[in-house]
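>
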Amino acid sequence: MGEQDRTGALVTRGLPTPERRLRIGSLNFAFKVVASIVIPTIRFASDFRWHGPRRLPASGPFIVAPNHFTNIDPLVVGTVVFLHRRLPQYLAKSSLFRNPVIGYFMRGMGNIPVERSGRTRGSDPLGSGNTLIGNGGGLIVYPEGTLTRDPDMWPMRGKTGAVRMALENDVPLIPMAHWGTQGIMPRYGKKLRLFPKTRVDVVIGEPLDLSAYRGKPIDQRMLLAATDELMAAITVLVEQLRGETAPALRWDPSANNQKETGRFE
Numbered sequence: 150m151g152e153q154d155r156t157g158a159l160v161t162r163g164l165p166t167p168e169r170r171l172r173i174g175s176l177n178f179a180f181k182v183v184a185s186i187v188i189p190t191i192r193f194a195s196d197f198r199w200h201g202p203r204r205l206p207a208s209g210p211f212i213v214a215p216n217h218f219t220n221i222d223p224l225v226v227g228t229v230v231f232l233h234r235r236l237p238q239y240l241a242k243s244s245l246f247r248n249p250v251i252g253y254f255m256r257g258m259g260n261i262p263v264e265r266s267g268r269t270r271g272s273d274p275l276g277s278g279n280t281l282i283g284n285g286g287g288l289i290v291y292p293e294g295t296l297t298r299d300p301d302m303w304p305m306r307g308k309t310g311a312v313r314m315a316l317e318n319d320v321p322l323i324p325m326a327h328w329g330t331q332g333i334m335p336r337y338g339k340k341l342r343l344f345p346k347t348r349v350d351v352v353i354g355e356p357l358d359l360s361a362y363r364g365k366p367i368d369q370r371m372l373l374a375a376t377d378e379l380m381a382a383i384t385v386l387v388e389q390l391r392g393e394t395a396p397a398l399r400w401d402p403s404a405n406n407q408k409e410t411g412r413f414e
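To convert, count from 1 in the sequence shown and add 149; that's my numbering.
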C-alpha cells in the first residue's frame, strides 16, 4: 500500500509518463514552443505528488478552478492539464498580451485577455470563454481573480465568472488545488528555483454539484452562493494537501482595506 494523505487518498509520485502525453507534434506552433520549454522545466524543478485519481475528463468541455498564490501557478496547472491530454487555455490579464513575445504565444494558444475592468477590448471575456467551451475546449479560470491576499496563502473570497460560465454552458466545474509552488517561485517572485527539486502536491476534486442552480434564472444571489460553494470545495482540497485546517472565515480583501489588483505586500 502506498502513502496516504489525511483523507485516506492514495498519494503517488511523478507526472504522467511520456506515452500518456498529448503528442506535441499535433499542436500548433505556439503550443509546441511553450510545451517544449515549460514541461521539461516543471519536470526538472518539481517532485510531484498526486492525491487520489486524476479526474479531468478525457473529452468534452470543462472548467477547472484552481487556487492561486504564486506567479508560476499557471505553468504548473497548465502542465497538469496538458499531461491529462487536454490543451490548457486561460482567461489571463491583458498586460501579458501587451508584451510582443509573450502576447504572441498567449494569442497563439487561444488564451483570452481580460482588462482590469473585467472586460476585453470591445468584447466580454466571459462571452469569449463561453465560445471556447462551446467548441469543446477546457478552460482554466482562477476564481480568486488574482493571487490570494490571505497572509497564509489560503484561498480567499472568490469571484463569480467561473460559476457563471459553468451554468451558462452546462459544463463540469472542477475544483483543483496545489501546494508547494512557492518553493519554485515565491509569491511575487521573478526568479525560478530549479534545484533541489521542490515537492508540489496536486489534487483534482470531484466536479462541483451545481444541480441546485442549473435550469434556473441566473442572478447575482445565485452566483454568489454557488461561488461560495466552489471556494469551500477548493479550500477543503488545500487543507488535504497542507495537512492543516483553514481559518473559519475566508479572507476578504475589501474587509481588510486591500486593493483587488496589483501587489499587496
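Note that beta-carbon positions come from the ideal geometry of N, C-alpha and C, so glycine has one too. Since the structure is predicted, the reported quantities are computational estimates derived from the model, not experimental observations.
Kindly identify the DSSP beta-bridge partner or partners of Asp196.
To locate residue 196, count along the sequence shown from 1; it is residue 47. Answer by DSSP bridge pairing, in chain order: Arg348.
> Does DSSP put Val290 in a helix, in a strand, or in coil?
Taking the first residue of the sequence shown as position 1, residue 290 is located at position 141. In this structure, Val290 counts as coil in the three-state DSSP scheme.
> Is Gly267 helix, strand or coil when you go by DSSP?
In the sequence shown, the residue the question calls residue 267 occupies position 118. Residue placement at Gly267 cannot be trusted, given a pLDDT of 47 that sits under 50; the coordinates are not used to answer.
> I'd like to know if the segment 322-335 and the segment 220-234 are in contact, where contact means that at least 3 CB-CB pairs between them fall below 8 Å.
These segments touch.
> Tell me the DSSP secondary structure of Gly157 in three-state form.
Along the sequence shown, one-based indexing puts residue 157 at 8. Three-state result, Gly157: coil.
> Tell me, to the nearest whole angstrom, how far the beta carbon of Pro324 is from that of Gly354; I am working on the premise that it is less than 8 Å.
Counted from its first residue, the sequence shown places residue 324 at position 175. Counted from its first residue, the sequence shown places residue 354 at position 205. About 4 Å; that satisfies the 8 Å criterion.
> With a floor of 4 residues, list each alpha helix (DSSP H) that falls wholly inside the segment 292-330, ordered by position along the chain.
Listed in chain order, the complete alpha helix (DSSP H) runs (minimum 4 residues) inside the segment 292-330 are 310-318.
> Which of the three DSSP states, helix, strand or coil, is assigned to Leu240?
The sequence position of residue 240 within the sequence shown is 91, counting from 1. Of the three classes helix, strand and coil, the one that applies to Leu240 here is strand, per DSSP.
> Compare the beta carbon distance of His217 and Leu164 with 7 Å and say whether it is the shorter of the two.
Residue numbering aside, residue 217 sits at position 68 when the sequence shown is read from its first letter. Residue numbering aside, residue 164 sits at position 15 when the sequence shown is read from its first letter. Result no, Cβ atoms of His217 and Leu164 do not sit closer than 7 Å.
> Can you give the beta carbon distance from Ala311 to Ile383, rounded, assuming they're within the 8 Å contact cut?
For the purposes of this step, residue 311 is taken as residue 162 along the sequence shown, with counting starting at 1. For the purposes of this step, residue 383 is taken as residue 234 along the sequence shown, with counting starting at 1. Wrong, their Cβ atoms sit about 10 Å apart, outside the cutoff.
> Does the beta-carbon of Ile186 have 16 or more other beta-carbons within 10 angstroms, so that it is buried, or is it exposed?
Along the sequence shown, read from residue 1 onward, the residue named residue 186 stands at position 37. Its Cβ having fewer than 16 others within 10 Å, Ile186 is exposed.
> Could you check if Lys308 is buried or exposed, using at least 16 other CB atoms within 10 Å of its CB as the buried criterion?
Position 159 of the sequence shown, counted from the first residue, corresponds to residue 308. Flag for Lys308 reads buried.
> Quick one: residues in its chain with C-beta nearer than 6 Å to the C-beta of Arg268, no 5 flanking neighbours on either side, listed in chain order?
For the purposes of this step, residue 268 is taken as the residue at position 119 of the sequence shown. Because the pLDDT of Arg268 is 47, which lies under 50, any placement of that residue in the model is unreliable, and the number read from its coordinates should be weighed accordingly. Once the five neighbours on either side are set aside, Arg268 has no close Cβ partner at all.
> Any idea if Gln238 is buried or exposed, counting beta-carbon neighbours within 10 angstroms, 16 or more meaning buried?
Your numbering for residue 238 matches position 89 in the sequence shown. Flag for Gln238 reads buried.
> Looking at Pro210: is its Cβ nearer than 7 Å to the Cβ of Gly285?
Sequence index remark: in the sequence shown, residue 210 carries index 61 (1-based). Sequence index remark: in the sequence shown, residue 285 carries index 136 (1-based). In this structure, Gly285 lies closer than 7 Å to Pro210 by Cβ.
> The alpha helix (DSSP H) that contains Ile383, what's its start and end?
Start at 1 with the first residue of the sequence shown, and residue 383 comes out as number 234. Note, Ile383: alpha helix (DSSP H), Gln369 to Arg391.
> For Arg234, which of helix, strand or coil comes out of DSSP?
Here residue 234 is taken as the residue at index 85 of the sequence shown, counted from 1. Arg234 falls in the coil class under three-state DSSP.
> I'd like the span of the beta strand (DSSP E) that includes Ile212, first residue to last.
For the purposes of this step, residue 212 is taken as the residue at position 63 of the sequence shown. Segment Phe211 to Pro215, the beta strand (DSSP E) holding Ile212.
> Using only CA atoms, which one of Ala326, Arg412, Thr228 and Gly276 lies nearest to Phe193?
For the purposes of this step, residue 193 is taken as the residue at position 44 of the sequence shown. Residue Thr228 is the option with its Cα nearest to Phe193.
> What residue range is occupied by the uninterrupted alpha helix (DSSP H) comprising Met484?
Limits of the chain in this structure are 150 at one end and 414 at the other, which puts residue 484 out of reach.
> For Thr156 versus Val225, is the C-beta spacing smaller than 7 Å?
The residue given as residue 156 occupies position 7 in the sequence shown. The residue given as residue 225 occupies position 76 in the sequence shown. No, they are not a contact pair.
> May I have the straight-line CA-CA distance separating Arg412 from Arg298, to the nearest angstrom?
As a position in the sequence shown, residue 412 is number 263, starting the count at 1. As a position in the sequence shown, residue 298 is number 149, starting the count at 1. If I take the Cα positions, the gap works out to 9 Å.
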